[in-house]
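Participant:
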Amino acid sequence: MRKLFKKIVQFYLKVLTKIVISRHNPLIIAVAGTSNKTFVKEAILQELRKDIEVRGNPRSFNTEIGLPLAVLFLPSGYRSVFKWVDVLFSAAMISFFGHEFPKVLVLEMGVDRKGDMAYLLSMVKPKIAVVTCIDKGYPDLGTTTDDLFEEMKELISNVEADGLVLLNGDDRLVKKLKNKTRAKTLLFGSGEKNDILIKTITNSENKNFIEINFEGKVEKFKTDKFGQHNAEALAIAKRINWEFKKGSMLKKNVV
Amino acid sequence: MEIRCSRIQGAISLAQGVPDFDTPLCIKNKAIQAITEGKATCYSLSPGLVELREAIEYNLSKKGIFYDFENEIIVTAGSIEAITASLLALCSEGDEVLISDPAYTSYQEAILLAREKPVFFPLKADDNWRFDFDELKKRITNRTRALILCNPNNPTGVIFSRTDLMKLVELAEYHDFYILSDEVYRDFVYDGKELFSLGQLSAFRKRLVFIFSFSKAYAMTGWRVGYLATDESLAKKIIASHDAMVTCAPVASQWGALAALEMAQNDINYFRDSYEKRRDTICSLFETLKDWFSFVRPDSAYYFFPKITKNFEKTFVEKRMKIIKSQPYYAELRADQQQSISWLLALDLLDTQKLALVPGIAFGSQGEKHLRLCFGRRESDIEQGVIRIKRYIENFLG
């Protein structure tokens, strides 16, 4: 019974999400990978928010039900039927009658098993895609890294030629995705051959700096955060913001 | 005391620090789902599930505490495993570890297990249980390697001020020791007060191990899951002892902990509000016993730590000691327990009123003449507990 209810809710939300997306036509930035999605998404949101009306999905709202809820800007009903009734009613109102909608959506795309990405892409079509890493933290569901690779391939191959794909050049598998898309592709990471070269520096007072080399142009930023993943997140966010400011790939109404 | 209490029919326990709430449903469901899908069958990586560590970093960053989930966060089997693993990794046999008096009893056991020497420094009982820095300094030697800080504090329920914590940091820097900051009650701070965490001081991160447990905050005491966060240089050492002790924290519990961080904020708010109400209840009930107890109103956690008055002590010694000494349990006590008013009072309350409390002496000598009551328990139990204390006073001391 629960499974049937979930299926119905899933289908209903998918239809409404497609309606709301087609009505408002936001630019979608998809962030995928087995980890570091949240930090990248948060960094992009923080960076773009300065100039643009932008919204992201909450941390765990990145799967078949969570993603549409995030697009519709609604909470989960969790296990309460009453809450779900309220959520589903609100979803219909927003899709058909909602006037306000952000110009840009930054969405984490959570993938557990084969076919998940295709399902998410049936609702949203990203203009920009970021793939952070492909590895298996926990051996579950019989999903292999090859399966995850195919899922990420599905994502980037759906980005149009005038879009942008950012790939982690330090990740062996992610790097292999480079030629699987028509869109402009940039590699990021600490390896010398990356297009966006990222270095973290911690000084003697435990103050953290991130040095980003954007295809020859070096910029240095101070940050409170630690770890290479946070440096990558900041670099990705800065680069995407730069593309927005340049306006080369975006619709006029965005910025 | 909890074991003795479990053998007595009709007994009420306000002894052990366990919340009376059930684990939130979203947490249970996530763990059940993980088990059903085979995601809890094998070990996780020793530092814990990547998803969980990521969520921990994200959660901490919202509080101004920044650690790298890949290299600086280790998911542990509760906070006491985090403390033990840290002591084993960072100190050597014979090193001295400072703990406050009073302090959570298991700290001492963890220090002894690591073959180190616990050194107690007194908190100021008459000054809201603040640090007594003069006394603390006297106890620092060249063997001092660490200090365990419980903030918010168990058993006193106070939170330490930023000023005092900064003084502590200066001492740690000057005398070259680590601070293990156990912040398991950090979500239960009342009256709109703010908790300052040493984790917010990036400059101090190489001397700090930040410790948290899901047990109290999310009513998950049986799940045995917590975490520590520390600079990479220390985490590298601690992971070895963590791995040797438990390999990894229970994986089903780790999935539950992930759900806790992602979905249970409303539950935490509800718990906090409930505990605050219970704190108010217990304080107002004890207001009526002012001739017999004095107390500091707790700012946080769920412990109430009243002290018996001189009048109580005098009457108790006069009227009850002889009777207590004739009880079978008296002969089973250790000599130090036989000398302790708080031990004898706690046992007498259990024996005559079927009420279990923790004697203050269990937390150190400064705790003597105090009792610890946990107001994380049901409100009806709290009210009934105080009724039984009143009845005890009326029947035996009044």
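Those protein sequences? They're chains B and A, same order as listed.
The numbering of the first sequence is the numbering used here, which starts it at 1 and goes up by one.
The numbering of the second sequence is the numbering used here, which starts it at 1001 and goes up by one.
Note that the Cβ used here is the ideal one computed from N, Cα and C, for glycine as well.
By a C-beta neighbour count over all protein chains shown, 10 Å radius and 16 as the cutoff for buried, is B/Lys252 buried or exposed?
Facilitator: By one-based count along the first sequence, residue 252 of chain B stands at place 252. Below a pLDDT of 50, predicted positions are generally treated as unreliable, and B/Lys252, at 44, falls in that range; no measurement from the model is reported.
Participant: Starting from B/Met109, trace the alpha helix (DSSP H) in both directions and tell me its first and last residue.
Facilitator: In the first sequence, residue 109 of chain B corresponds to position 109, counting from 1. Segment Val104 to Met109 is the beta strand (DSSP E) holding B/Met109; no alpha helix (DSSP H) there.
Participant: Using a Cβ-Cβ cut-off of 8 Å, state whether B/Lys225 counts as contacting chain A.
Facilitator: For the purposes of this step, residue 225 of chain B is taken as residue 225 along the first sequence, with counting starting at 1. Cβ-Cβ to chain A under 8 Å: yes for B/Lys225.
Participant: Taking C-alpha atoms, which residue in B/Asp224, B/Asp195 and B/Cys133 lies nearest to B/Asn213?
Facilitator: For the purposes of this step, residue 213 of chain B is identified with residue 213 of the first sequence, where counting begins at 1. Closest by alpha carbon: B/Asp195.
Participant: Per DSSP, what are the beta-bridge partners of A/Tyr1303 in this structure?
Facilitator: Here residue 1303 of chain A refers to the residue found at position 303 when the second sequence is read from its first residue. A/Cys1374.
Participant: What does B/Ser35 reach in chain A if we use C-beta pairs closer than 7 Å?
Facilitator: Within the first sequence, residue 35 of chain B is the residue found at index 35, counting from 1. Result: Val1050 and Glu1054.
Participant: Considering only residues of the same chain and omitting the five flanking positions on each side of B/Ile201, which have a CB-CB separation below 8 Å?
Facilitator: Start at 1 with the first residue of the first sequence, and residue 201 of chain B comes out as number 201. For B/Ile201, where only same-chain residues beyond five positions count, the Cβ hits under 8 Å are Asn208, Phe209, Ile210 and Glu211.
Participant: Note the first and the last residue of the continuous beta strand (DSSP E) segment covering A/Thr1230.
Facilitator: Position 230 of the second sequence, counting from 1, holds the residue named residue 1230 of chain A. Start and end: Gly1226 to Thr1230.
Participant: So, is the C-beta of A/Asp1273 closer than 8 Å to a C-beta in chain B?
Facilitator: Residue 1273 of chain A sits at position 273 when you count from the first residue of the second sequence. No, A/Asp1273 does not count as interfacial toward chain B.
Participant: Output needed in chain order: residues of the region 1202-1232 of chain A with a Cβ under 9 Å from some Cβ in chain B.
Facilitator: From the region 1202-1232 of chain A, only Ser1202, Ala1203, Phe1204, Arg1205, Lys1206, Asp1231 and Glu1232 have a Cβ closer than 9 Å to chain B.
Participant: Give me the Cα-Cα distance between B/Val31 and A/Glu1051, rounded to the nearest whole angstrom.
Facilitator: Along the first sequence, read from residue 1 onward, the residue named residue 31 of chain B stands at position 31. Along the second sequence, read from residue 1 onward, the residue named residue 1051 of chain A stands at position 51. Each residue's alpha carbon lies about 15 Å from the other.
Participant: Under 8 Å between beta-carbons, which chain A residues line up against B/Asn59? List them in chain order, please.
Facilitator: Sequence index remark: in the first sequence, residue 59 of chain B carries index 59 (1-based). In the sequence as displayed, the identity of residue 59 of chain B is Arg instead of Asn. Residues of chain A passing the Cβ test: Ala1055, Tyr1058 and Glu1262.
Participant: Return the bridge partner residues of A/Arg1400 from the DSSP annotation.
Facilitator: Residue 1400 of chain A lies beyond the range of chain A shown here (1001 to 1398); nothing can be said about it.
Participant: If you draw a straight line from the C-alpha of B/Lys184 to the C-alpha of B/Asn62, how long is it?
Facilitator: Within the first sequence, the letter at position 184 stands for residue 184 of chain B. Within the first sequence, the letter at position 62 stands for residue 62 of chain B. Distance between the alpha carbons of B/Lys184 and B/Asn62 is about 25 Å.
Participant: Please return the same chain residues whose Cβ sits closer than 6 Å to the Cβ of A/Ala1031, not counting the five positions on each side in sequence.
Facilitator: In the second sequence, residue 1031 of chain A corresponds to position 31, counting from 1. If we look at A/Ala1031 and ignore the five residues flanking it on each side, its Cβ neighbours are Ala1252, Trp1255 and Gly1256.
Participant: On the DSSP letters alone, give me the boundaries of the alpha helix (DSSP H) that B/Lys257 sits inside.
Facilitator: Only positions 1 to 255 of chain B appear in this structure, which leaves residue 257 of chain B out of reach.
Participant: Going by the CB atoms, is the gap between B/Lys136 and B/Leu27 shorter than 8 Å?
Facilitator: On the first sequence, residue 27 of chain B is found 27 positions in, with the first residue counted as 1. On the first sequence, residue 136 of chain B is found 136 positions in, with the first residue counted as 1. No, Cβ-Cβ distance for B/Leu27 and B/Lys136 is not below 8 Å.
Participant: Helix, strand or coil: how does DSSP classify A/Ala997 here?
Facilitator: Residue 997 of chain A is absent from the model: chain A starts at 1001 and stops at 1398.
Participant: For chain B, check one thing: does any of its Cβ atoms lie closer than 8 Å to the Cβ of A/Asn1071?
Facilitator: For the purposes of this step, residue 1071 of chain A is taken as residue 71 along the second sequence, with counting starting at 1. Closer than 8 Å: yes.
Participant: What number of angstroms, rounded off, separates the C-alpha of B/Arg113 from the C-alpha of A/Glu1368?
Facilitator: Residue 113 of chain B sits at position 113 when you count from the first residue of the first sequence. Residue 1368 of chain A sits at position 368 when you count from the first residue of the second sequence. The alpha-carbon atoms of B/Arg113 and A/Glu1368 are separated by roughly 59 Å.
Participant: Using C-beta distances below 8 Å, list every residue in its chain close to A/Gln1200, excluding the 5 sequence neighbours before and after it, in chain order.
Facilitator: Counted from its first residue, the second sequence places residue 1200 of chain A at position 200. Correct list, in chain order: Lys1063, Gly1064 and Ile1065.
Participant: Pull up the CB-CB distance for A/Arg1377 and A/Asp1020, whole angstroms please, since I reckon it's below 8 Å.
Facilitator: Taking the first residue of the second sequence as position 1, residue 1377 of chain A is located at position 377. Taking the first residue of the second sequence as position 1, residue 1020 of chain A is located at position 20. Indeed, because the Cβ distance is near 5 Å, the residues count as touching under 8 Å.
Participant: Determine, using beta carbons only, whether A/Ala1346 and A/Pro1359 come nearer to each other than 8 Å.
Facilitator: Position 346 of the second sequence holds residue 1346 of chain A. Position 359 of the second sequence holds residue 1359 of chain A. Closer than 8 Å, so yes.
Participant: Verify whether the separation of the beta carbon atoms of B/Leu16 and B/Pro68 is less than 8 Å.
Facilitator: Within the first sequence, the letter at position 16 stands for residue 16 of chain B. Within the first sequence, the letter at position 68 stands for residue 68 of chain B. Yes. Within cutoff.
Participant: From the DSSP output, in three-state form, read off B/Glu219 for me.
Facilitator: The count along the first sequence starts at 1 and reaches residue 219 of chain B at position 219. Looking at B/Glu219 - three-state DSSP - the assignment turns out to be strand.
Participant: Does the region 1079-1092 of chain A come into contact with the region 1176-1189 of chain A, if we say contact requires no fewer than three beta-carbon pairs (one atom in each stretch) closer than 8 Å?
Facilitator: Result yes; three or more Cβ-Cβ pairs closer than 8 Å.
Participant: Using a Cβ-Cβ cutoff of 9 Å, what residues of the region 1062-1090 of chain A are near chain B? List them in chain order.
Facilitator: Flagged, chain order: Gly1064, Phe1066, Tyr1067, Asp1068, Phe1069, Glu1070, Asn1071 and Glu1072.
Participant: Please list, in chain order, all residues of the same chain as A/Phe1069 whose beta carbon is under 6 Å from its beta carbon, the five residues on each side excluded.
Facilitator: On the second sequence, residue 1069 of chain A is found 69 positions in, with the first residue counted as 1. So the list reads Arg1053, Glu1054 and Glu1057, once near-sequence residues are dropped.
Participant: If I follow the unbroken alpha helix (DSSP H) through B/Ala118, where does it start and stop?
Facilitator: For the purposes of this step, residue 118 of chain B is identified with residue 118 of the first sequence, where counting begins at 1. Element bounds for B/Ala118: Asp116 to Leu121.
Participant: State the start and end residues of the unbroken alpha helix (DSSP H) segment that holds A/Glu1037.
Facilitator: If you number the second sequence from 1, residue 1037 of chain A lands on position 37. Element bounds for A/Glu1037: n/a, residue is neither H nor E.
Participant: Can you name the residues that DSSP bridges to B/Glu211?
Facilitator: Position 211 of the first sequence, counting from 1, holds the residue named residue 211 of chain B. Note: B/Glu211 sits in a beta bridge opposite B/Lys199 and B/Lys220.
Participant: Against B/His229, what residues of chain A qualify as contacts under a CB-to-CB distance less than 8 Å, listed in chain order?
Facilitator: What you label residue 229 of chain B is simply residue 229 of the first sequence in a count that begins at 1. Under the 8 Å cutoff, chain A gives Asp1068, Phe1069 and Glu1070.
Participant: When you compare the CB positions of A/Phe1465 and A/Asp1176, do they come within less than 8 Å of one another, or not?
Facilitator: Only positions 1001 to 1398 of chain A appear in this structure, which leaves residue 1465 of chain A out of reach.
Participant: Helix, strand or coil, according to DSSP, for A/Ser1161 in the structure here?
Facilitator: The residue labelled residue 1161 of chain A in the question sits at position 161 within the second sequence. Correct three-state label for A/Ser1161: coil.
Participant: Can you give me the Cβ contacts of B/Phe5 inside the same chain, cut-off strictly under 6 Å, excluding the 5 residues immediately before and after it?
Facilitator: Residue numbering aside, residue 5 of chain B sits at position 5 when the first sequence is read from its first letter. So the list is empty, once near-sequence residues are dropped.
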